[in-house]
Amino acid sequence: MSSEQVGPLAGREVLLVVGGGIAAYKSVTLAREILRAGAKVETVLTAAAQRFVTGVSFAGVTGRPARIDLWDASYPGELHIELTRKADAVIVAPATADLLARMAHGLADDLATTCLVAAKGPVLVAPAMHPRMWEHPATQANVALLRARGVTVIGPVVGPLASGETGIGRMTEPEAIARAVVAALTPRRDLEGLRVLISAGPTHEAIDPVRFVGNRSSGRMGFAIAEGARDRGAAVTLVAGPVALADPAGVAVVRVRSAVEMRDAVTAVASGFDVVIMAAAVADYRPAEVAPAKIKKSHAELTLRLVKNPDILAELGAARGDARSPILVGFAVETGDLVAHAREKLARKGCDLVVANLAEHGFEGADNVVTLVSAARAEALERMDKREVAERILDTVREIRASR
Ligand code: CTP
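Going by our numbering, the first residue of the sequence shown is number 1273, and it counts up by one from there.
Structural data, given as C-alpha cells:
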C-alpha cells in the first residue's frame, strides 16, 4: 500500500464494489490503479465475488479490510451508510447482469446493493458477462435505465472471454476504468458556455408503413459525445435517429426517423451552435416513393428505386460563412486508405475534423478504433471505450476553436 496521497484523486475516497464474475481478479489491479491516482479505497465484495477472489487480496492492496457483510457485528454503526457517506464515487467492477438488474430496480438486500442505493456521488459500472447475457433485452433495458439516471457505463469491450469464445462482454481493462473514475471525480468544465449540436444513430427510410431501408448504427458514439460534452459544461442538443438508447439526463433530445427529418431538425437550429458533430450514419438514399399501404407479396420481383438524400454535413459545410460559423465534425467509415479518404471528405464536406474508422473495426460495440483527421494532422488512437473516444474528439474540437 502506498501511504503518500499524490495524483489527481488526492484526498478522495472511492468505494469499489466487486461483483461475482471471473473478471473480479482484475479488480485487485483496479484498486491498485485508483490508489495510484491518489485516492483511498474501500472494497465491498458480493457473496458471489467471494467465490472468485478473497477480501485478503483487496485488504493487502488497499490497507483496509474488504467489507462483505451488511450485518458485520464488529461494526457498531450502519456500515452501508458510513461507506457511502465518505465515498466521493462508487465503481462497480465487474458489474454482473444480476448486479445491474438489482441496481436498476433499487433492490437492497446485501452490503453491495444497500451501498448502491445509498450512494450519493457519481456511480460508474464496468459490466462483464457472456455476450448472450449482455445482449439480453433485460440487461440492455437495465443498462439504459441506469444510463438515463446518470450512471456511467464503461464497456464492456470485445475480446476473448472466459468461455473461450470471442465477443462483447469482456470487462474494460483496469487502467481505463481507473481513468474513467478520475474523469468522474475531476470534471473538466472546459466546454462551459459552448452550445454543441450532435446527431446520432441511423436513419430509417420508409418503404411502406411497416418497412424501411436502414443501417445497423447503434447511436452509442453520438450519445457518448453528448454525455461527454454535457459533463464538460456544454449546452447539448442531440438529434437522434431510431436507436434503443434512453435520453441522456441533462441533454435536449430531438427524435427523428428519416434523413430528411434529421436534415430539417439539424439545419433549423445549427446556426445557433458553436459546434456541430454529425455522428449519425445518415442513409445516403431513400425509396423514391413510399407506398401508402403495406406492399403485398403478389409480384415475383420487386424493384425499389432509390433517390439521393440530402447530405446534411455537406450542406452545413457549404453554408459556412465567417469565422464565427460552427466548428463542423464529420464521421467516415472506410474500407481502406483511411487518412486519404478522410482528407478528401474533410475538403469536400467543408468540415474541420473527420473522425475516421475502418469498417473492419466494427461500429456496433462499446469501443472504437478511430483516426482524428484535420487539415493539420492525422492522429491514430488506439482501441478505446466510446466515451474515451468522445473525450478525445472534444479535446480536438477545443484545440481547433483555440486556433481559429
Ligand atoms: N452525412 C450526412 N448526410 C448524409 C450522409 C452522410 O450528413 N446524407 C454525414 C454523416 O453524418 C457523417 C459523414 O457525413 O458525418 C459521413 O459521410 P459518408 O456517408 O461516409 O460519406 P459520403 O459523402 O457518403 O461518401 P462515401 O459514402 O462515398 O464514402
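In this text, a Cβ means the ideal position worked out from N, Cα and C, and glycines have one as well.
In the DSSP assignment, D1480 falls outside any alpha helix (DSSP H) and within the unbroken beta strand (DSSP E) covering E1477 to D1480. The stretch 1478-1566 contains, as complete beta strand (DSSP E) runs of 3+ residues, the segments 1483-1485, 1507-1512, 1524-1527, 1547-1550 and 1557-1559 (chain order). When DSSP states are grouped into helix, strand and coil, A1361 belongs to the strand group.
Short of 6 Å from the beta carbon of G1505, and not among the five residues preceding or following it, lie these beta carbons of its own chain, in chain order: R1461, L1463 and E1464. Distances from the CB of S1471 to the heavy atoms of the ligand CTP include at least one below 7 Å. Distances from the CB of K1617 to the heavy atoms of the ligand CTP include at least one below 7 Å. Apart from the 5 residues on each side of it in sequence, A1391 sits with its Cβ closer than 6 Å to the Cβ of T1356 and V1362 in its chain, given in chain order.
Looking from the CA of T1386, the closest CA among D1360, K1298 and H1352 belongs to H1352. Residue burial is scored here from C-beta neighbours: A1498 has at least 16 other C-beta atoms within 10 angstroms and is therefore classed as buried. In the structure shown, N1581 falls within a coil segment according to DSSP collapsed to helix, strand and coil. Contact between L1630 and T1607 holds, since their C-beta atoms are separated by about 7 Å, short of 8 Å. Our two residues, H1402 and L1433, have alpha carbons roughly 7 Å apart in a direct line. Residue side-chain check: G1634 keeps its Cβ at 7 Å or more from all non-hydrogen atoms of the ligand CTP.
By the criterion of a C-beta distance shorter than 8 Å, G1310 is surrounded in its chain by Q1277, V1278, G1279, P1280, L1281, A1282, G1283 and R1284, once the five residues flanking it on both sides are discounted. When secondary structure is reduced to three states using DSSP, S1299 falls in the helix class. Scanning R1529, S1646, R1442 and P1348 for the CA closest to the CA of V1601 turns up S1646. For D1370, DSSP assigns no beta-bridge partner whatsoever.
By the neighbour-count criterion, in which 16 or more other beta carbons inside 10 Å mark a residue as buried, A1338 falls on the buried side.
Assignment of T1386 by DSSP, reduced to helix, strand and coil, places it in the helix class. Taking 7 Å as the cut-off, the C-beta of P1582 counts as close to a heavy atom of the ligand CTP.
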